[in-house]
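Asks: Protein sequences appear in the order of chains C and S. Per the working numbering, the very first residue in the first sequence carries number 229; after that it's consecutive. Per the working numbering, the very first residue in the second sequence carries number 114; after that it's consecutive. Backbone N, C-alpha and C fix where the C-beta goes; we use that ideal spot for every residue, glycine too.
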Amino acid sequence: MLKQARFAMEFCAVESCGKCTPCRIGAVRGVETLDKIAGGERSDEQVDLLKDLCDTMKAGSLCALGGFTPYPVLSALTHFLRISPPGRWPKRRSKPMTLIKETDYGTPASTSEKTVTLTIDGFEVTVPEGTSVMRASMETGIQIPKLCATDMVDAFGSCRLCLVEIEGRRGTPASCTTPAENGMVVHTQTGRLKQLRRGVMELYISDHPLDCLTCAANGDCELQDMAGVVGLRDVRYGHEGDNHVKARDGLGEVNARWMPKDETNPYFTYDPSKCIVCSRCVRACEEVQGTFALTIEGRGFDSRVSPGMHEDFLSSECVSCGACVQACPTATLQEKSVIEIGQPEHSVVTTCAYCGVGCSFKAEMRGDELVRMVPYKDGKANRGHSCVKGRFAYGYAAHKDRILNPMIREKITDPWREVSWEEALTFAATKLRAIQYELGKDAIGVITSSRCTNEETYLVQKLTRAVFGNNNTDTCARVCHSPTGYGLGQTFGTSAGTQDFDSVQHADVVVVIGANPTDGHPVFASRLKKRLRQGAKLIVVDPRRIDLVKTPHVKASHHLALRPGTNVAVVTAMAHVIVTEGLFDETFIRERCDWDEFQDYVEFVSDAKHSPEAVEALTGVPAQELREAARLYARGGNGAIYYGLGVTEHSQGSTTVIGIANLAMLTGNIGRPGVGVNPLRGQNNVQGSCDMGSFPHELPGYRHVNGQEVRDIFEKLWGVEISDEPGLRIPNMLDAAVDGTFKGLYCQGEDILQSDPDTRHVSAGLAAMDCVIVHDLFLNETANYAHVFLPGSTFLEKDGTFTNAERRINRVRKVMAPRNGYADWEVTQMLANAMGANWSYTHPSQIMDEIAATTPSFANVSYEMLDKKGSVQWPCNDKTPDGSPIMHVDGFVRGRGRFIRTDYVATDEKTGPRFPLLLTTGRILSQYNVGAQTRRTANVVWHAEDVLEIHPHDAETRGVKDGDWVKLASRSGETALRAQITDRVSPGVVYTTFHHPTTQANVITTDYSDWATNCPEYKVTAVQVMPSNGPTDWQEKYEEFSALSRRIEAAE
Amino acid sequence: MTPVIFVPRDAAALAVGADRVARAIARELSARGIEARIVRNGSRGMHWLEPLVEVRTAHGRVAYGPVTEKDVPGLFDAGFLDGGEHPLFHGETKEIPFLKSQTRLTFARVGVTDPLSLEDYRHYKGLRGLQNAVAMEPADIVAQVTESGLRGRGGAGFPTGIKWNTVLRAEADRKYIVCNADEGDSGTFADRMIMEGDPFVLIEGMAIAGIATGATKGYIYTRSEYPHAIEIMREAVEIARREGILGASVLGSKHAFDMEVRVGAGAYVCGEETSLLNSLEGKRGVVRAKPPLPALQGLFGRPTVVNNVLSLASVPVIMDRGAAFYRDFGVGRSRGTMPIQLAGNIRHGGLYETAFGVTLGTLVNEIGGGTANGRPVRAVQVGGPLGAYFPPRCSTRRSTTRPSRHRTA
C-alpha cells in the first residue's frame, strides 16, 4: 500500500502549483522517503520522518491539494504498516536574534481609519482594520518567522513559516494572509507551530546549498536567520535527494534540474541553485516596479523563477531597478558589488543625485568603501523603491576618467597642467579680476548647477552677487524648467509643483504631457503605474508612443499624438471643450480665482477657432479623441497633470504651462490630494537651484533684484551692495562673449557645450572668453574651452541638501572623504576668498542657516530639523512648521488664481521642403542627461549610442534601413547617427536622445527659445534625414579637437 | 411506432466502441430497410455493460450490452428491435439491479434523454426548478437551497446555501458563478457524465445560482481532456441561449444570465478553486490565500460562487421538488443523494447515485460486486486518488459529505 501511496506523492510533486514549500519540496521528499522505506531501509526514523512530513504538508499547505496528498500515505501507515509509537520531539530552544535592521512588518500598512483590537501572545494590540496578524504582531515587537512576506508587497502566503494558532479557529492559518479581527486571541509560538515550522525549514534546507560560509549573503540571509529562529538542527532527508543545488549527482550524472548562475546583468547575479521560490522577486517586479519581467515557470518541484520566457536577465524585459534584488531573502539575486566586497557594516541615509524624484537611499558602507545603494523605505519620495541609475549606476564616482587635481592652461590649445589648489585658484582669481578691471565688473559671471546641493548653488550665486558685484548668474534650469517657474508663478503664485508624489495614489485621472516617466522618472512612474493598475485613467499627450501608452496592465484611455510644437493649441482646445460644454467647476472658480479674469478667459477660449475641430489640422489630434480626453479630465474625479520638458522646452513653453494651470483651475483640480499640476523635474536639484536665486533677476526665494527691501536683507548680511540690475542669462552671456563684452565664466557642474542648444554658437561664445573655469568631476565638453579646471566632488563626498520635484528638501550626507580633497562648496568658498571675500563657512549647515534666515519659505529649515523629520517640503515656516506636502490648500498663494489667455503662436521653426521632418529629443532609462555619469558605468550595456527613431514610412521614402548611418541636418548644423525604424514616432517626426557627446544632437537644435524665459526649443527642430556612410566631418573634427584639448601634463 | 435505438455518446461508451456500434446499427438498418431512429444518449453509468444499447419497445426500454460492432447483425437477427432474446439481453433497463436500487435525483435524466434535446429535457421535468426560481425572491431561493441541506459535492462539503448567501449579500457591480468542472482526479467521471449526458441540468443549476445571488455571468471551467463534454456543453449553451433560458431575460424574467465554457491548459492544480480563478483570469494557476474568500473577492476580484458540477446539477431538483423532498434523503448532516463513482479493481464499476448513509461494505461487495479479478478486497480508497485507504475491517463506514479521506484511523 505504501507503494501505492507513493503515486499520490509523486503526482503532487509534478502537479502542484509550486507556491508553498510543503507541497513543492515536501512531495519530492515524500517520494524519496517512501522509496527508502519500500527499498528495505524501513526504520522507525524513516517512518517518523514520513509522518512528520505528512503533518507538515497537511497543516502547512495553503490548498486542498497539499492538504490531501498525505492521506494515502497516512492511511497506509495507519492500516497497513506496523509502526512504533512516534518519538517525542526533542526540546530545543532557539537563540534570540539580535540583528536589527529596518523593520520589515511583513505586509503593507493598512490605511483604514477603523481599528481592531486583538491579543497576541498575551499582549493587547490595536491596529487599523485590514492589518495582517503578522504586521499586528510585529507592531507589538513579536516577530513571527517568515520568508515569503515583506512589507513592500502584498501578502502571498507561500512559505508556510508564519503559521499561527488562533483560538476558536481550526488549523494553523498563515499570519500574513489573515487579517486581524476584534477579539482575536493569537498564539505565535506553540509546540505544534514549532514542529510545523521546523518541518518546513527542513524541507527548504533539503534543497538548498550548504555553503553559508562562502555565500555572498552570509550575514544578510533570511533563510539562514529563519533556520536559526526555528531551531533547525538537522535535515533528516539528507542532501542526496532530488535537488536544484548540484550540477552533478554523486555518480557524476548531470542534474537536469540545476541551472547555472545568470551573470548577464552588469549589477547583479541570479543563482537558481539558491532560490527558495518565495516569489518575492516576482511580486516586487509586478507590484513595486510594475514591469512584470519575472515569473515562475514550471509546476511543482520544477517551479523556478524565470525572467520572461526562460531568458537571461539582460535580454529579458528587466529594467534592472533592483526591486527583486532587494526583495530576495537569500543570495539568489545578489548585487555583484556585495559578491566582490562583502557585507556592509554601516549605512548612511542620503539622497540620489540623478533625476528630480529625489529618492532616499541607504549608502551601505564597508569602511569608506561603498558596497551598495539600497533604497530607503522611509524615503518619502520613493517609499523604498529605486531605478537602475540610483540603485546601481554610482560607479562613475570611482571612474578612472575622474579628475582629482586642479589644472590650468593659458590657452585652450595648450595641454592641461596639474597644479596645486592654491595656484589654480590664484590663477583664476587674477584672471577674473583682470577681466573686470579691463571690461567692467559685468564682464564675468557664473552658472550654478542643478546637480549640486542647495548650499553650493547658494554660494555660487552669492559669489557673483557679493564678490563679482553683478547679477550675472544663471543655471541649467534655464534650459529645462524655467517656463514652469514663470507660468506657475504667474497663475498660482509659486514657482513649483503643487503636490507630493504620494498624491498620485489618490488620483483618478492622470494626464501626462510631454514627459516620459518610465524612462525619465522611473520611480515615480512605478508609483503612477501602480495607481493606474488600480483603475485610475490615463491620458498621454506626446508626439511619441511612450511606454506608458501601453505597458503591462496599463493602457492609456487617450493618447493625443500631437505634432511637436502644438502643445498650446491642444491644451487650449481642451479648455475650449471644458468651457463650452460647461464642465468647469464654477464654485471653485468663484471661491478661489479672479472672476473677471475668468470671464475674459472664457471669452477667449470659447472662440470657435480654439475648438478641437478647428485645430485638428494643425495638431494632428483627432477632434473627437481630444474632446473625450477633456471630458475625462474634467469629470473623471481627481484629475492630476504631470508634465515634463516636452512642455517647457518650446518657444511657447511658458504659454503651455499657463494653459495647464488654467485647466487645473477650470476643473477645480488644485489644493487636495490626488490633483494638481506637477512638473517632473529633470535633475536632482532643479527646484533647489531655482529656489536658491540662480536666476539673474531673482534673489533666493524668487524675489526680484529690484526690490530694495529684499536686497536690504542680503546687503546687511553680506556687507556689500547688490546691483538692482538683472544680470545676463546664459544665451545673453554667450552673445556678449561673441561681442567681446563678456570674458569670464565660472561654470559649476554643468556641461553647457553639450546640453545647451546650438552647439556651434555655444562653442563660439566659449572660445571668445579669456577665463572659463569649469568645476566638474570630468573633463566635460565645456572643459575643452576652459582655462581652469577645478575638480568636483560627488554626492557621496559631501553634506548638503537637494530639493526634488515635490519641493522636498532631502539631506545629502557625506559617506566618504572627497577624493579630490574638497567638497564643491569649499572650492567655491576658496575661489571667493582668493578674490578677496572673507567667507568662513565650516559646514554646509551654516549655509542652510543663512538660507533660512534670508528666505521666508525656508524659514524653519535646519539640518537639525531635517535629521529629525527625515525631509520637509517647503514652504516650511511658522505657518506650516511641518512643511507643505500640498500647496494652495485653502486658496492660492498669490491670493486669487489667475486665468491668462493662451494665444497659440506657432514657432518660427517650421518644416519646409529642405527640412521636412520634425526632430524631438528625450532621454532613456539607463542614461542620464549628457551621460557624463551614466556613460561611465555599466549602464552602457543598455544604451551604447544615441540612435534616431524614424517612422517606417519616412525611412522607406529615404531608403533608410534599420541600423543604417544617417545624416541628420537642420538649419543649425548636421550630425550623423544610426537609424532605428519604429512606429513609436508618427510619420513626419523623428526622435533621438542626447546622452552621447559623439552624437552631438545639439549641433542640430536651433537657438529659438521660450518667449518669457529663453528656455531653448529643444523639442522642435525642422530636419532632414538622409543616408550617410558614417560620422560627419564636424563630428570627426570635434573628436580630434576634444582629444587634443584633453591632454594633461603631469605635475613635476 | 418507429423503433428508437439508444447508443450512448458518453466518452466511457465511446472509448469502448459506441460510435462503431452506432454506425453498424445504421448500416444494418439501411441494409435491412428498417426504419428506426438512433438516439445518442448519455450513459446509464454501468460501465461494465458499455456500450449499452437500448431499444424502446412496447414493454419499455430494454438493454443489450456490452455490444460490439460484431454483435450488431446478431442482435438484428434476434429481433432486438422488439426486445428479442440474446445473450447480451438484460431485460428492462430500469430493472437492472445496479440501476433499480439507485435513487437518481441529480442523474435522473442522464442516460435516459438525448442530451441536446431540450424537448426531452422538458419532458423529463427539466426547467421546472428554474421556472420556480424566476418567480421567487433571490433570498428565498437561497433559503430553499440552504434548507435542502445541500453541501458542496467537490470534497470540502461546505453548505451551498451559506456560500450563496455570502455572495448574495456582497455588494458589487458584477458577480460570477463559476462551475468547477476541472474533474482531474483519476477514477472520477461524474462531472463528465453530467456534461455529456444532461448538460441542461448544469445550465439550469447555474442560472438558478445566478438569479439567487445576483450574478449575471457564469463560467464552466473544464479540462481539455474532455473534448466531448466541451462540445456538448457548448452546443447546449447555444441552444439555451436561443431558447431564452440564457441571455438578457432568463425565461422571460427580469433576470439576466449568460455563461460560457472555458477550457483549462492542463494543470491538475487548476481544479483547486482559487487556482481555477487565477487560470480563468488568464494568470498562472497558483493557489490564492484565503481570506479573502472567493465568495467575496473571487473572479476578477468580484463576489463569486464557485461550485462543483454535481452541486450545481443538484439544485434544479431542489427548486422543483422543494427543500424538504431533498432533505429527507440522507443521514445526519449529509442530506440528499450522492452520485458515487466506483472504479478500479471492481466488478461493477460505474456511477451509483444513492442517499447518503450507504456503508462501504455494501458499496464494494454488493453494489460493486467485489473485485473484478475475484481476489479478496484488501483496501478501498475513498475520495479519489488523494483519499485515504480503508481496510476491509472498516466496511461499516457510511458515506457522508464529511470528507472521509480526512479520517485515517
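In three-state DSSP terms, what is Tyr-1266/C?
Replies: helix
Asks: According to the Cβ coordinates, are Ser-1200/C and Val-1168/C closer than 8 Å?
Replies: No, the Cβ-Cβ distance between Ser-1200/C and Val-1168/C is not below 8 Å.
Asks: Ala-559/C and Cys-387/C - do their beta-carbons sit closer together than 8 Å?
Replies: no
Asks: Are the beta-carbon atoms belonging to Val-180/S and Phe-119/S less than 8 Å from one another?
Replies: no
Asks: Using a Cβ-Cβ distance cut-off of 8 Å, determine whether Leu-277/C contacts chain S.
Replies: No, its Cβ sits nowhere closer than 8 Å to a Cβ of chain S.
Asks: What is the DSSP secondary structure of Arg-321/C, counted as helix, strand or coil?
Replies: Bear in mind that the predicted position of Arg-321/C carries a pLDDT of just 34, short of 50, making it unreliable; the figure below should be weighed with that in mind. Secondary structure at Arg-321/C: coil, using DSSP grouped into helix, strand and coil.
Asks: Within 10 Å of its beta-carbon, does Phe-211/S have 16 or more other beta-carbons around it, so buried, or fewer, so exposed?
Replies: Buried: at least 16 other Cβ atoms inside 10 Å.
Asks: Kindly examine the ligand FAD and report whether one of its heavy atoms sits closer than 7 Å to the Cβ of Asn-446/C.
Replies: Of ligands this structure carries none, so the ligand FAD is not represented either.
Asks: Out of Glu-250/S, Met-249/S and Ala-221/S, point me to the one whose CA is closest to Gly-239/S's CA.
Replies: The shortest Cα separation from Gly-239/S among Glu-250/S, Met-249/S and Ala-221/S belongs to Ala-221/S.
Asks: So what's Ile-663/C in DSSP terms, helix, strand or just coil?
Replies: helix
Asks: By the three-class DSSP mapping on this structure, what secondary structure does His-1003/C have?
Replies: His-1003/C sits in a strand when the DSSP states are folded into three classes.
Asks: Counting Cβ pairs closer than 8 Å, one from the stretch 333 to 344 of chain C and one from the stretch 453 to 472 of chain C, do we hit at least three?
Replies: The stretch 333 to 344 of chain C is not in contact with the stretch 453 to 472 of chain C.
Asks: So, are the CB atoms of Ala-408/S and Val-280/S less than 8 Å apart?
Replies: yes
Asks: How far does the beta strand (DSSP E) with Ile-453/S in it reach, from first residue to last?
Replies: 450 to 455
Asks: Do you know how far the Cα of Thr-400/C is from the Cα of Leu-421/C?
Replies: 8 Å
Asks: With a 10 Å radius around its C-beta and 16 neighbouring C-beta atoms as the bar for buried, classify Phe-189/S as buried or exposed.
Replies: buried
Asks: In whole angstroms, what separates the C-alpha of Phe-1269/C from that of Gly-763/C?
Replies: 54 Å
Asks: Would you decide whether Leu-1133/C is buried or exposed? Buried here means 16 or more other CB atoms lie within 10 Å of its CB.
Replies: Before going further, note that residue 1133/C is Val rather than Leu in the sequence given. Val-1133/C comes out exposed.
Asks: Please determine, among Val-505/C, Gly-618/C, Gly-536/C and Val-647/C, the residue with the shortest C-alpha to C-alpha distance to Ser-1154/C.
Replies: It is Gly-618/C.
Asks: Using the Cα positions of Ala-1240/C and Ala-1065/C, report the straight-line distance between them to the nearest angstrom.
Replies: 35 Å
Asks: For Gln-1282/C, tell me which candidate among Pro-840/C, Cys-587/C and Thr-1149/C has the shortest Cα-Cα distance.
Replies: Residue 1282/C lies beyond the stretch modelled for chain C, which goes from 229 to 1280, so this question has no answer here.
Asks: With 16 as the cutoff for other CB atoms within 10 Å, does Thr-658/C come out buried or exposed?
Replies: Classification for Thr-658/C: exposed.
Asks: Would you decide whether Tyr-665/C is buried or exposed? Buried here means 16 or more other CB atoms lie within 10 Å of its CB.
Replies: exposed
Asks: Can you tell me whether Asn-897/C is helix, strand or coil according to DSSP?
Replies: coil
Asks: Would Thr-426/C count as contacting chain S if we go by Cβ distances under 8 Å?
Replies: Rather than Thr, the amino acid found at residue 426/C in this sequence is Arg. Closer than 8 Å: no.
Asks: Where does Gln-936/C fall in DSSP's three states?
Replies: helix
Asks: At a Cβ threshold of 8 Å, is Tyr-333/C touching chain S?
Replies: no
Asks: Buried or exposed for Pro-404/S, going by 16 or more other Cβ atoms inside 10 Å?
Replies: Its Cβ having fewer than 16 others within 10 Å, Pro-404/S is exposed.
Asks: Are the stretch 344 to 359 of chain S and the stretch 383 to 400 of chain S in contact at 8 Å, needing three or more beta carbon pairs?
Replies: no
Asks: Considering only C-alpha positions, which residue in the set Gly-518/C, Thr-1139/C, Gly-947/C and Ser-534/C is nearest to Cys-506/C?
Replies: Ser-534/C
Asks: On the three-state DSSP scale, how would you describe Phe-1127/C?
Replies: The answer is coil: DSSP assigns Phe-1127/C none of H, G, I, E or B.
Asks: Alpha carbon to alpha carbon, what distance is there between Ile-888/C and Ala-248/S?
Replies: 56 Å
Asks: Taking only beta-carbon positions, decide if Thr-387/S is within less than 8 Å of chain C.
Replies: yes
Asks: Figure out for me which residue from His-341/S, Tyr-237/S and Thr-170/S has the closest Cα to the Cα of Ala-124/S.
Replies: His-341/S
Asks: Using a beta-carbon distance cut-off of less than 7 Å, what residues from the stretch 388 to 418 of chain S approach chain C?
Replies: Ser-388, Arg-397, Gly-398, Val-399, Val-400, Ala-402 and Pro-404
Asks: What are the residues of the stretch 364 to 397 of chain C that lie near chain S, defined by any Cβ-Cβ distance shorter than 9 Å?
Replies: Ala-383, Phe-384, Gly-385 and Ser-386
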